[in-house]
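Chemist:
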DNA sequence: TATTAATCTATAAAAACTATAGGGTTAACA
DNA sequence: TGTTAACCCTATAGTTTTTATAGATTAATA
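Residue numbers (this note's numbering), protein chains in the order written: chain A, 1 to 136; chain B, 1 to 136.
(1) Would you tell me roughly how many angstroms separate the C-alpha atoms of residue 78 of chain A and residue 60 of chain A, rounded to the nearest one?
(2) Alpha helix (DSSP H) containing residue 48 of chain A: first to last residue?
(3) Does DSSP put residue 114 of chain A in a helix, a strand or coil?
(4) When you compare the CB of residue 124 of chain B with every CB in chain A, is at least one pair closer than 8 Å?
(5) In the DSSP output, which residue or residues are listed as bridge partners for residue 74 of chain A?
(6) Take residue 11 of chain B as the anchor and find which of A:106, A:26 and A:127 has the nearest alpha-carbon.
(7) Which residues mark the beginning and the end of the beta strand (DSSP E) in which residue 55 of chain A is found?
(8) Quick one: residues in its chain with C-beta nearer than 8 Å to the C-beta of residue 149 of chain B, no 5 flanking neighbours on either side, listed in chain order?
(9) Where residue 84 of chain B and residue 110 of chain A are concerned, what is the direct C-alpha to C-alpha distance, given to the nearest angstrom?
(10) Would a check of beta-carbon distances place residue 102 of chain B closer than 8 Å to chain A?
(11) Can you give the Cα-Cα distance for residue 7 of chain B and residue 48 of chain B, rounded to whole angstroms?
(12) Could you check the C-alpha separation between residue 108 of chain B and residue 33 of chain A for me, to the nearest Å?
(13) Express the C-alpha separation of residue 26 of chain A and residue 99 of chain A in angstroms, rounding to a whole number.
(14) So what does DSSP say about residue 61 of chain B, is it helix, strand or coil?
(15) Check the C-beta distance from residue 82 of chain A over to residue 9 of chain A and give it rounded, since I have them as a contact under 8 Å.
(16) Shorter than 8 Å from the beta carbon of residue 76 of chain B to some beta carbon of chain A?
(17) Report all residues from its chain with a CB closer than 7 Å to the CB of residue 42 of chain B; omit the five preceding and five following residues, and keep chain order.
(18) Taking C-beta pairs closer than 8 Å, name the residues in chain B that residue 30 of chain A reaches, listed in chain order.
(19) Please tell me whether residue 24 of chain B and residue 57 of chain B are closer than 8 Å, where the distance is taken between their beta carbons.
(20) Take residue 31 of chain B and list the residues in its own chain whose beta-carbon comes closer than 6 Å to its own, dropping the five residues that flank it on each side.
(21) Run down chain B in chain order and give the residues with a C-beta less than 9 Å from the C-beta of residue 89 of chain A.
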């Protein structure tokens with residue numbers, strides 16, 4: 001299951017990417033337009049800012065805005081920040097590899113074998129999709 | 001993240017598929033060999049039996065055994081039974097479709113767009129992988 | 001037929017994670 | 001300097017996942 005955090009984060013990113021100029025948009029505005037709990041969205045936008053996707057401006061006329069071009073934002077990085085590792089098990093993760101403590105031999109593990117394929121398939125999708133591809 | 005339920009279920013299936021004949025194997029034996037909490041495994045094997053993957057035999061000399069040939073067990077069905085819908089959001093699910101209540105228009109939803117691709121990629125993997133492919 | 005070995009059933013507790021809410025702080029701007 | 005809106009911290013309700021407990025039921029066998 002995709003977490004609401006990721007879902008909301010993606011929606012917010014596309015919303016900001018769709019803004020004519022890169023004028024700051026207030027949290028409340030995004031929350032209202034996209035039907036998102038404002039407080040929850042607040043924390044999501046914050047992590048997106050901390051991870052270099054968004055900029056922010058305080059005070060009157062402030063808000064959040066996209067920093068990079070939508071075509072330069074790969075889904076790999078978005079998913080990793082919002083949803084966590086792309087691999088479904090740590091033992092097939094590229095960026096967060098960890099050995100399973102219950103599994104004596106990775107080479108003959110059926111879970112490992114299957115999840116390796118799944119990881120590759122997902123990576124293929126995420127690498128070849130940018131934020132620009134998701135805007136209608 | 002893959003649930004332990006799915007992980008253990010897959011391991012149990014491969015273990016049973018690796019048995020020379022299709023002699024019943026006791027839960028305790030599977031649990032020990034694969035490092036799985038026995039009672040948890042018990043409930044997993046039960047759902048695998050109820051869904052037509054396994055047969056069981058009670059009493060002395062009893063246990064669980066594979067019903068179908070490993071090459072006839074597609075990962076699509078295994079994953080659906082153990083992990084649930086393959087789609088990460090209900091609005092792109094083939095077998096469990098549901099409209100998002102917060103999303104006014106599926107056609108212009110970025111989450112929908114992305115998760116549709118992901119679903120297809122995963123289906124491709126699961127459809128083309130059988131239990132036989134996971135045995136070393 | 002008594003015993004044993006195993007599956008079956010139900011429940012509940014513990015742990016982990018998810019989603020949301022409240023309230024105070026800080027920076028920008030008019 | 002007052003107002004606005006992002007920032008930050010904490011708490012909590014709710015849900016899901018995983019494990020544990022206790023016993024009932026079934027079938028083989030001696």
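Beta carbons are placed, not taken as given, at the ideal position from N, Cα and C, and that holds for glycine.
Modeler: The structure says:
(1) Position 78 of the first chain, counting from 1, holds the residue named residue 78 of chain A. Position 60 of the first chain, counting from 1, holds the residue named residue 60 of chain A. Near 29 Å, if we compare the C-alpha coordinates of residue 60 of chain A and residue 78 of chain A.
(2) By 1-based counting over the first chain, the position of residue 48 of chain A is 48. Unbroken alpha helix (DSSP H) run through residue 48 of chain A: 38-50.
(3) Indexing the first chain from 1 puts residue 114 of chain A at position 114. Residue 114 of chain A falls in the helix class under three-state DSSP.
(4) Walking along the second chain from the start, residue 124 of chain B turns up at place 124. Judged by the 8 Å Cβ criterion, residue 124 of chain B is in contact with chain A.
(5) Position 74 of the first chain, counted from the first residue, corresponds to residue 74 of chain A. Residue 74 of chain A pairs with A:130.
(6) Locating residue 11 of chain B in the second chain gives position 11, where the first residue counts as 1. Out of A:106, A:26 and A:127, A:106 has the C-alpha closest to the C-alpha of residue 11 of chain B.
(7) In the first chain, the residue the question calls residue 55 of chain A occupies position 55. Where residue 55 of chain A is concerned, the enclosing beta strand (DSSP E) stretches over 54-57.
(8) Nothing can be reported for residue 149 of chain B, as the shown portion of chain B is limited to 1 through 136.
(9) Within the second chain, numbered from 1, the residue matching residue 84 of chain B stands at position 84. Within the first chain, numbered from 1, the residue matching residue 110 of chain A stands at position 110. When rounded, the distance between both Cα atoms is 19 Å.
(10) One-based indexing of the second chain puts residue 102 of chain B at position 102. Interface residue, yes.
(11) Here residue 7 of chain B is taken as the residue at index 7 of the second chain, counted from 1. Here residue 48 of chain B is taken as the residue at index 48 of the second chain, counted from 1. In a straight line, the C-alpha of residue 7 of chain B is about 13 Å away from that of residue 48 of chain B.
(12) Here the question's residue 108 of chain B lines up with position 108 in the second chain. Here the question's residue 33 of chain A lines up with position 33 in the first chain. Cα to Cα, residue 108 of chain B sits roughly 14 Å from residue 33 of chain A.
(13) In the first chain, residue 99 of chain A corresponds to position 99, counting from 1. In the first chain, residue 26 of chain A corresponds to position 26, counting from 1. Their backbone Cα atoms lie some 43 Å apart in a straight line.
(14) By 1-based counting over the second chain, the position of residue 61 of chain B is 61. The answer is coil: DSSP assigns residue 61 of chain B none of H, G, I, E or B.
(15) Here residue 82 of chain A refers to the residue found at position 82 when the first chain is read from its first residue. Here residue 9 of chain A refers to the residue found at position 9 when the first chain is read from its first residue. So it is a contact: roughly 4 Å between Cβ atoms.
(16) Here residue 76 of chain B refers to the residue found at position 76 when the second chain is read from its first residue. No, residue 76 of chain B lies away from the interface with chain A (no Cβ there is under 8 Å from its Cβ).
(17) Along the second chain, read from residue 1 onward, the residue named residue 42 of chain B stands at position 42. So the qualifying residues of the chain are 27.
(18) Along the first chain, read from residue 1 onward, the residue named residue 30 of chain A stands at position 30. None at all; the shortest Cβ gap to chain B is about 13 Å.
(19) Walking along the second chain from the start, residue 24 of chain B turns up at place 24. Walking along the second chain from the start, residue 57 of chain B turns up at place 57. For residue 24 of chain B and residue 57 of chain B, yes; Cβs fall inside 8 Å.
(20) Within the second chain, the letter at position 31 stands for residue 31 of chain B. 38 and 41, listed in sequence order.
(21) Within the first chain, residue 89 of chain A is the residue found at index 89, counting from 1. Those within 9 Å of residue 89 of chain A in chain B are 1, 2 and 7.
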